[in-house]
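*Asks:*
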Amino acid sequence: MPKKYNYSSYSAMQIIKIGLLPRIIIAIILGVACGAFFPVWAVRCFVTFNSIFSHFLSFLIPLIIVGLVTPAIADIGKGAGRLLLITALIAYGDTVFSGYMSYFVSTGIFPSLIDPDKAAQAVATVEELQPYFTIEIPPLLDVMSALITAFVMGLGISFFESPSLKKCFDEFRDIIAKTIQVALIPILPVYIFSIFLNMSHTGQAWRIINVFIAIIGVIFVMHIFLLVLQYCIAGGISHRNPFKALYTMLPAYFTALGTSSSAATIPVTLAQTKKNCVSDGVAGFVIPLCATIHLSGSAMKITACAVALLIMQGGQISLSLFTGFILMLGIMMVAAPGVPGGAIMAALGVLQSVLGFNAEQQALMIALYITMDSFGTACNVTGDGAIALVVDRINNHRRNNE
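Using this note's numbering, the letters of the sequence shown correspond one by one to residues 47 to 448.
1. One question on the structure: do Y138 and I372 come within less than 8 Å of each other, judged by their Cβ atoms?
2. So G395 and A192 are supposed to be a Cβ contact under 8 Å. How far apart are they, rounded?
3. Apart from the five residues on each side of it in sequence, which residues of its chain come closer than 8 Å, Cβ to Cβ, to N287?
4. Closest by CA to L292, which one among A352, V89, D216 and A432?
5. Any contact of the region 222–242 with the region 408–419, i.e. 3+ C-beta pairs under 8 Å?
6. Counting only the same chain and skipping the five closest in sequence on each side, list residues whose C-beta sits under 8 Å from that of M418.
7. Please state whether the Cβ-Cβ distance between G402 and S342 is less than 8 Å.
8. Let me know the secondary structure DSSP gives R128 once reduced to three states.
9. From which residue to which residue does the alpha helix (DSSP H) around S210 run?
10. With a threshold of 16 other CB atoms inside 10 Å of the CB of K212, please say whether the residue is buried or exposed.
11. Going by alpha carbons, who is nearest to I119 out of F150, G81, I136 and F197?
12. Go ahead and pull the three-state DSSP assignment for D188.
13. What would DSSP say about I160, mapped onto helix, strand or coil?
14. Would you mind sorting V151 into buried or exposed? The rule is 16 or more other CB atoms within 10 Å of its CB.
15. Rounded to whole angstroms, what is the Cα-Cα separation between A317 and P297?
16. From the DSSP output, in three-state form, read off L355 for me.
17. My assumption, with CB atoms under 8 Å, is that A424 sits in contact with Y299. Please give the rounded CB distance.
18. How would you call Y178, buried or exposed, if buried means at least 16 neighbouring beta carbons within 10 angstroms?
19. Report all residues from its chain with a CB closer than 7 Å to the CB of F99; omit the five preceding and five following residues, and keep chain order.
20. Helix or strand or just coil, what does DSSP make of P114?
21. Would a C-beta distance cut-off of 8 Å place T141 and H340 closer than the cut-off?
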């Protein structure tokens, strides 16, 4: 008998295989297009969905912080070795530096690209339509309480070396990561569609999109500059040609562009790092670790997008405010889960607690971030090779002095 195919199931599988970035782009396009002819009652249905999803997201944010930050602190501080501490400090320092660089460039350039009066009016109209009903889902903790809880528990587990409690929080982290992967990420395109449907219905979507395009161009240039700077510093420390080393890492850069995944790019990153004469032991340790804890490109994107949205609304963008934000963001990037969109989901708590972002601002941040997700991942992965050069030099120097 000839084999029968279930074409409906096959089509469904094809839809499921569409990546997150294409789905977000499709959601934005459909949202802008449908807003021109959808009746008010239909738009209000999606506004109602957004209201419920926003409350669900607010409930999850403190759990995300506790679930991700606690085991990350416990892992870094549990005495796994001097090399681990050095690598983690370099990754954190580089992430914080990229955040500051992004802040100064954004505050210097974005005011000339964004008209605060027009942009503020555009964003203000997002909430014009009201949901039919809403469901309150109070969070178990506020964001700051969740952060303090994560620090106390993570440091406590590290100090007392409690394997049972460590295992408990590791399993809780897996639950949170799975929740993000299964319950949040798949719904994001609908959430983004609803936001842009509402903005298009009010006639302000194109103004927002035009601002986003300008922001994306600036952030891409900053990514390139950051990579060149990273390799110039790493080349100076390791006494190697920085541009040759960066050229060697290009296969990892373009692989990350295609996969949007640091983890999936590890084999290529590892192979190219070894071609830069990094020892097998250091490369095998640093590259998988930095794929998880080094997200300088992501921190750059999030900082730039946050500055842009605050300028659009006439909000405060002072250095003192963003200093606290960037320092906390660096910790959240270390703890971010390795799933598509994981960095921005982990950063939502800091955006809310430090910068005061509401649900609509968070949705715009998610849309803008994921639109550039592959470029941020490529920047993160390529920068891992620079860190490996530095750590290898430090390790060789230590061995020579022993």
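Cβ atoms here follow ideal geometry from the backbone N, Cα and C, with glycine treated the same way. Keep in mind the model is a prediction, meaning the values are calculated, not measured.
*Replies:* In brief:
1. no
2. 7 Å
3. G281
4. A432
5. yes
6. I262, I265, F266 and K347
7. no
8. helix
9. P209 to T225
10. buried
11. F197
12. coil
13. coil
14. buried
15. 10 Å
16. helix
17. 5 Å
18. exposed
19. I233 and Y237
20. This sequence places Leu at residue 114; Pro is not what is there. Here L114 sits in helix by DSSP.
21. yes
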